[in-house]
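If you use my numbering, the sequence shown corresponds to residues 6 to 240, in order.
Note that CB positions come from ideal geometry on N, CA and C, so glycine has one too.
Note that the structure is predicted; figures quoted are calculated from it, not measured.
Below: one structure, written as C-alpha cells.
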Amino acid sequence: MALSGEEIRRRLREFAAAWGGYAGTERSEAQTFLNDLVECYGTDRRAEGARFEERAGGGFMDLFWPGVCIVEMKRPSEARRLHEHREQMLGYWQSSGTPASPAPRYVVLCAFHRFEVWEPGAIYTEPRATFDLVELPDHLDALLFLAGRRPVFVHDQTEVTREAVALVTDVYRMLRERRAADLDVLRDFVLQSVWAMFAEDLAMLRRTCSPACSTASSPTPRGRAETTWGSSSRT
C-alpha cells in the first residue's frame, strides 16, 4: 500500500536525524544510506530491481534502478563541491541507456548531507532541485520517483497551479452554463473535488475522485449533479 505524504515526511525526519552527524567515507555507508532512503518512500529496493555498483562508462554507478533513476554518492566532505562531480554523474547517465532499455529519467548526486536531483533528458545543464539533508522532509516531492510516482519540483509549482486554476474554472463555468445545480451546490462540489484530488495524491483516499468529476462534467440533468455532489461529500 502506498504511503501517505505525511508518513513519508515522518520517516524522512527520522532519516535526516539519524544521518545528520555522519562524517565517514562514501564506500563504508553509501549502500546503507540508500537502502534507508528508499525505505522511507515505502519501496523495497531489491524487489524493485535496483542494483548497487552497476558498471557504466568505465566506472560503477552506486545505485542503478532501471527505468527510474541513477544515484551517485560522494563522501560528506564533498557536500559543497558536488558541482565538481557532475561530469562524472552525467557520463554515467549517458552510458546507461541502450535501444532496448533507455537511460533512467532521473539522476541523484548526493554527498549524504546534500542532494542534487537531475532530469538530464529535460534539462541537461542544471539540477531540477538542490537541498540539504535537513531540508529533505520539506522536499520529499523531488524524490517521489522512489515511491513509483512522478516527482514535483518547487519551481514547477507556479505553472502547475496556474494551469490547475484554469481547469477548475472551466469545469465550474461549464456546469454553471448547463444549470447542473444551484450555484452554491456547484461551488461546494468544485471545492470538494479539489480537496479530494489533493487527498488522493497524498494517498489519504482511494482513487475514486476522478470518476465523480467526470460524471459531474458530463451533460447530466440537475438531479444527477446534486447526487454526484452528495456521494462525493460522503467519500
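Out of Arg56, Val76, Gly96, which one is the CA nearest neighbour of Gly62? Gly96
With a CB to CB cut of under 6 Å and the five nearest residues on each side skipped, what residues in its chain are close to Pro216? Note that Pro216 scores a pLDDT of 47, beneath 50, so its modelled location is shaky; the value from the coordinates is reported in the next line. Counting only Cβ-Cβ distances below 6 Å, and skipping sequence neighbours, we find nothing.
What does the alpha-carbon distance come out to for the pair Phe120 and Ala134? 8 Å
For Glu77 and Arg15, what's the separation of their Cα atoms in angstroms? 25 Å
Determine the closest residue to Gly54 out of Phe65, Cys74, Phe38, Tyr46, with distance taken between C-alpha atoms. Just measuring C-alpha positions, the residue of Phe65, Cys74, Phe38, Tyr46 sitting nearest Gly54 is Cys74.
Excluding sequence positions up to five away, which residues of its chain have a Cβ less than 6 Å from the Cβ of Leu8? Closer than 6 Å at the Cβ level, and outside the excluded window around Leu8, lie Gly47.
According to DSSP, simplified to helix, strand and coil, what is Val122? strand
Is it true that the region 82-94 meets the region 112-127, where meeting means three or more beta-carbon pairs spaced less than 8 Å apart? yes
Buried versus exposed call for Val195 [16 or more other C-beta atoms within 10 Å across all chains shown]: Buried is the call here.
Measure the alpha-carbon distance for Glu182 versus Asp146 and round it to whole angstroms. 37 Å
9 Å Cβ cutoff met for Phe136 and Arg110: no
Within 9 Å, strictly: CB atoms of Tyr129 and Pro81: Not a contact, by the Cβ cut-off of 9 Å.
Taking Pro156 as the reference, which of Glu124, Thr174, Gly25 has the closest Cα? Glu124
With 16 as the cutoff for other CB atoms within 10 Å, does Ala52 come out buried or exposed? Classification for Ala52: exposed.
Does Glu58 pass the burial test, meaning 16 or more other C-beta atoms within 10 Å, or should it be called exposed? exposed
Do you know whose CA, among Leu68, Arg18, Phe20, lies nearest Glu31's CA? Of the candidates Leu68, Arg18, Phe20, Leu68 places its Cα closest to the Cα of Glu31.
Are there 16 or more other CB atoms within 10 angstroms of the CB of Ser198, so buried, or fewer, so exposed? Per the 10 Å Cβ criterion, buried.
Assuming Leu138 and Trp24 make a contact with CB atoms under 8 Å, what is their CB distance in whole Å? Yes, Leu138 and Trp24 are in contact; Cβ-Cβ is about 6 Å, under 8 Å.
Strictly by DSSP, which residues pair up with Met66? Glu59
Assign Thr48 to one of three DSSP states: helix, strand, or coil. coil
According to DSSP, simplified to helix, strand and coil, what is Tyr97? helix
Can you give me the Cβ contacts of Gly29 inside the same chain, cut-off strictly under 8 Å, excluding the 5 residues immediately before and after it? Arg80, Pro81
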